[in-house]
Structure formats: structure tokens, C-alpha cells
Amino acid sequence: VTLRIRPIVVSTSSRAVIVMAGTKEDSLIILDGQEEIEIHSGDSVEIRKCGEPAKFITMRRNFFTKFREKLLKDVVN
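Mapping to full-length UniProt numbering: the sequence shown position 43 is 43, numbers consecutive.
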């Protein structure tokens with residue numbers, strides 16, 4: 001079962017606790033598509049609002065447009 005395709009919206013004061021049900025197989029939690037944490041039967045994970053604000057980068061141009069331009073820069077048709 002995967003939760004990655006089931007987005008939910010909750011209040012900023014809410015918290016969610018996920019408990020790994022009894023199973024013979026271990027599972028992975030993947031954070032931001034990068035960090036992997038193995039969890040075992042009985043483990044729990046708490047998700048809540050961070051005390052620090054998130055910082056995001058805004059690009060003036062679409063990343064894929066710029067990427068395509070760089071790839072095709074030296075290509076002759």
C-alpha cells in the first residue's frame with residue numbers, strides 16, 4: 001500500500017501519527033524523494049508542522065524549457 005498518491009490537507013495545528021501494522025515485511029518512508037528510512041512492525045511516525053518556515057526557489061523561466069534549450073544548443077538539424 002502506498003500513501004504517496006493520496007494527498008490530504010489538514011490544519012496547521014494538526015498532527016498525524018502513522019503506525020506500521022503487524023507485518024513480516026519492512027517498509028520504507030521516503031522523504032522528499034531523497035532520504036529513505038526503514039520502518040518495522042510497531043514503529044510509528046509523527047507528521048506535524050515544522051517550527052521553521054520552508055524556503056522555496058522561484059525560477060524566472062520554466063526549468064524544462066531552459067533544460068531543452070541547453071541540450072539543443074549545439075545540435076544541428
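Positions of the beta carbon are idealized from the N, C-alpha and C atoms, including for glycine.
The model shown is predicted, which means the values in this text are computed figures rather than measured ones.
Helix, strand or coil for residue i, going by three-state DSSP, please let me know.
i   : result
E69 : helix
F56 : coil
Just to confirm the assignment, what range does the beta strand (DSSP E) spanning residue i have?
i   : result
E25 : No beta strand (DSSP E) holds E25; DSSP gives it neither H nor E.
E46 : 44 to 48
R15 : 15 to 19
I37 : 35 to 39
Note down the Cα distance separating residue i from residue j, rounded to an integer number of angstroms.
i   : j   : result
R61 : E69 : 11 Å
L71 : F64 : 10 Å
E25 : S41 : 8 Å
R48 : P7  : 15 Å
M20 : S44 : 6 Å
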